[in-house]
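Below is one structure, written out as C-alpha cells, with a few remarks after it.
Put into C-alpha cells, the structure is as follows:
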C-alpha cells in the first residue's frame, strides 16, 4: 500500500508556502468570540439585577393583631370596609383576631360577632386569613382546664366560624415548658392538619453573641434553647412570630443590633429542620410599658433591625415571610406612614 502525502505548494525560492485558509473561518472564530462575550455580559447583568431586586423585594405576607372589640360589638360595614382597604393596601394578608376574653373565674367569654366578622372581612378582602388569637401567660398555660377550654374554642373557630387557624400568643413561657408542648399538640389536634397554626416565640434574652447587648429583661429561664425551639416547631407549626420587643435597651442602635440577632438566630435554627416554619417579626406599636420605650423600640428601628437580620442570615433569610404590627389599635397614622416607607418601600406622596 502506498502512502500519499498531501502536496504543499512551494515558493519559487524553495520555501514551503502554506495555503491560506478561507476568510470565512476567521470570521466564524471572531463571531463565536463575540457571542460568548455577549452571553457573559448578559449573565452578569442578570445576576446583578437579580441581586438588586432581591435586596429591594419585601415579603408581602404581613400581619396584625385585632382586639376583642372587633368580635364582641355589632359590626359596622363601613368600618369593616375601611379596615379591609387598609390591610390590603399594606400587604397584610393575615389578621389575628382576639375572639374571646378571659373572665376572672378562668372561663372564656366568646365574642358573639366573631363569625360575622370573619365572613364580612373576607367578603371585603378576598384572600385574607383570619386566625384566632389566643393570649395566654405561662401560668395560665400551666392550668389543664384553661388548655382544654382554648382547645375547644380553637376547634369551634375553624369548624363553625370559618377561621383559617389559630395563633397562640404565649407570654413568659419558660424554656422546656411541657404544658406549652401539650397545648400546642392539643391545638393542632383541635383544628386539624389543614388549618394554620402560628405561635409566638420569645427573643433570646441572653444572646450567645457577646457583641449583642443585653437589656433589663435578661431572665435565663425565658430564653429558649435550640432544642426546645426546634421541638416546638416540629409539632407541625406553620409559622413562628418573633416577639422582638420589650428588650429594656436604652438606644436605638442597641435595639437594632438586638433585633437583627433575634432574626438571624431563629432563621439559622429553623434552617436546620427538614420542614422549617415560616418566620414573622413583630413590630411594636404599643404605648410605653415596662422595658418598652417607644422612642427606642419604634417601627423604624425594628424594621432596620429586621432587615439587618435578614441580610445577616444569608439564604436562610428567605424564611422570613413578613412582619406584624403589634397591635392594630395602637398603630397611629405616623407609624403607618413609617411602615409603608421603611418596610414596603412606598415613598410618601
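Numbering (this note's numbering), first residue to last: 824 to 1172.
Idealized CB from N, CA, C, for every residue including glycine.
| Query | Result |
| --- | --- |
| Cut-off 7 Å between Cβ atoms - residues of its own chain near residue 923, not counting five sequence neighbours on either side | 931, 932, 933, 934 and 976 |
| Other residues of its chain near residue 1036: CB distance less than 7 Å, five sequence neighbours each side excluded | 1072, 1077, 1080 and 1081 |
| Identity of the residue in 941, 915 and 929 nearest residue 893 by Cα | 941 |
| Integer Cβ distance of residue 886 from residue 1147, believed to fall under 8 Å | 4 Å |
| Distance between residue 1107 and residue 1065 (C-alpha atoms, nearest Å) | 11 Å |
| Neighbourhood of residue 1169 by C-beta, 7 Å cutoff - its chain only, sequence neighbours within 5 removed | 1163 |
| At least three beta-carbon pairs within less than 8 Å, the region 1089-1107 to the region 1115-1123 | yes |
| Local conformation of residue 1112 per DSSP, three classes | strand |
| Straight-line Cα distance separating residue 970 from residue 964 | 6 Å |
| C-beta contact flag for residue 1006 and residue 1028 at 7 Å | no |
| For residue 1099 and residue 945, the rounded distance between their alpha carbons | 28 Å |
| Under the three-state DSSP convention, the category residue 1119 falls into | coil |
| DSSP-derived helix/strand/coil call for residue 1153 | coil |
| Collapsed DSSP secondary structure at residue 932 in the structure displayed | strand |
| Chain-order list of residues whose beta-carbon lies under 7 Å from that of residue 829 (same chain, five-residue window excluded) | In this prediction, residue 829 scores a pLDDT of 40, lower than 50, which makes its location untrustworthy; no coordinate-derived value is stated. |
| Where residue 1166 falls: helix, strand or coil (DSSP) | helix |
| Buried or exposed by the 16-neighbour rule on C-beta atoms within 10 Å, applied to residue 1056 | buried |
| Collapsed DSSP secondary structure at residue 1171 in the structure displayed | coil |
| For residue 957: DSSP bridge partner residues | 991 |
| Strand pairing of residue 1062, partner residues [DSSP] | 1021 and 1101 |
| Residue span of the alpha helix (DSSP H) that contains residue 909, given as start and end | 900-912 |
| Nonlocal neighbours in the same chain, by C-beta distance under 7 Å from residue 985, ignoring five residues either side | 938, 941 and 942 |
| Host beta strand (DSSP E) of residue 918 (start-end) | 915-920 |
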